[in-house]
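Reviewing the structure listed below.
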Amino acid sequence: MRRYNTERKLLVNYYLIDYENVKTRGLDGISKLSEEDAVCIFYSEHADNLTFGLHRRINESQASIYFQRVEVGVKNALDFQLSSYLGYLICENKDNRDINYYIVTKDNGFSCLVSYWARKKVSVELVVDLSGRNANKEQEEMRQEVSKLIDDKDVVETVIQFMKQYKTKQGINNALMKKYPDKDNKKASEIYNLIKPLLADKKGK
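Residue numbers (this note's numbering): 94 to 298.
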């Protein structure tokens, strides 16, 4: 499915979504976008599913929506192709410095693009979803959610670190067991069971 904005001169914001990284959560806020916005969703065979609800929100969005299936087979294939497309867009719109570019991802590796284009007076930002939240705001929201479940501040910071570091539920569970190696891993199991509802976007059961 592709939807193009025929009034290209009206476009103000481009959002390039690293769908492998953010999954469906990265499209939060799509219903608030306008005709001045364009969204390009970069996906691969490793992440190519949409819920019926999200599909409906995409269809109802006023923004221009593009789908870009990327070639895989090498490490960071999606990242390279997204970065190349960003450069293409910036070159294509070189006469319009009022355009803002957003990379929707939690991968800090893209931060080098932000600094590179800043030196060339082009606005590129990293956000975690289409509402414009950045990683710092997301981490603070995560801290608030974890703090509602766990009283110990040191444990809260450890949990947040593991949630950022590991992409799977199993990875987080293993890290907790290694961090808190008491008899029968009782403490690690208790912590994991408390935070499990917050891990819906992580891989695994």
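Glycine included, C-beta positions come from ideal geometry on N, C-alpha and C.
Just so you know, these numbers come straight off a predicted model, no measurement behind them.
- request: Can you tell me the Cβ-Cβ gap for residue 109 and residue 192, rounded? I've got them flagged as a contact below 8 Å.
  value: Their Cβ separation, rounded to whole angstroms, is 13 Å, which puts residue 109 and residue 192 out of contact at 8 Å.
message: For residue 249 and residue 188, what's the separation of their Cα atoms in angstroms?
response: 47 Å
query: Which full runs of the beta strand (DSSP E) of 3+ residues lie inside the segment 197-253, going along the chain?
result: 216-220
Residue 301, enclosing alpha helix (DSSP H) - first and last residue: Residue 301 cannot be examined here, being either before or after the span of the chain that is shown, 94 to 298.
- request: Report back the beta-carbon spacing between residue 301 and residue 296 to the nearest angstrom; my notes put them in contact at under 8 Å.
  value: With the chain covering only 94 through 298, there is no way to say anything about residue 301.
- request: Report the option in 139, 227, 151, 146 whose CA atom is closest to the CA atom of residue 131.
  value: 151
- prompt: Can you tell me whether DSSP reads residue 261 as helix, strand or coil?
  reply: strand
message: Considering Cα atoms alone, identify which of 199, 294, 125 is closest to residue 232.
response: 199
task: Flag this pair as touching only if the segment 255-275 and the segment 146-163 have three or more C-beta atom pairs under 8 Å; answer yes or no.
output: no
query: Alpha carbon to alpha carbon, how far is residue 155 from residue 122?
result: 12 Å
query: Can you tell me whether residue 173 is buried or exposed, with buried defined as 16 or more other CB within 10 angstroms of its CB?
result: exposed
- prompt: Exposed or buried, what is residue 209 when buried is set at 16 or more other beta-carbons lying within 10 Å of its beta-carbon?
  reply: exposed
- prompt: What number of angstroms, rounded off, separates the C-alpha of residue 143 from the C-alpha of residue 211?
  reply: 33 Å
task: Report yes if the C-beta distance between residue 320 and residue 181 is below 7 Å; otherwise report no.
output: Residue numbering for the chain in the displayed model covers 94 to 298; residue 320 lies beyond these limits and cannot be assessed.
- prompt: What residue range is occupied by the uninterrupted beta strand (DSSP E) comprising residue 159?
  reply: 157-162
Host alpha helix (DSSP H) of residue 273 (start-end): Unbroken run through residue 273: none, as it is neither H nor E.
task: My understanding is that residue 265 touches residue 292, with C-beta atoms under 8 Å, so please give their C-beta distance in whole angstroms.
output: 7 Å
query: Alpha carbon to alpha carbon, what distance is there between residue 275 and residue 207?
result: 44 Å
message: Measuring only the C-alpha atoms, how far is residue 239 from residue 278?
response: 20 Å
field: Secondary structure of residue 131, DSSP reduced to three states
entry: strand
query: Which residues bound the alpha helix (DSSP H) around residue 153?
result: 145-153
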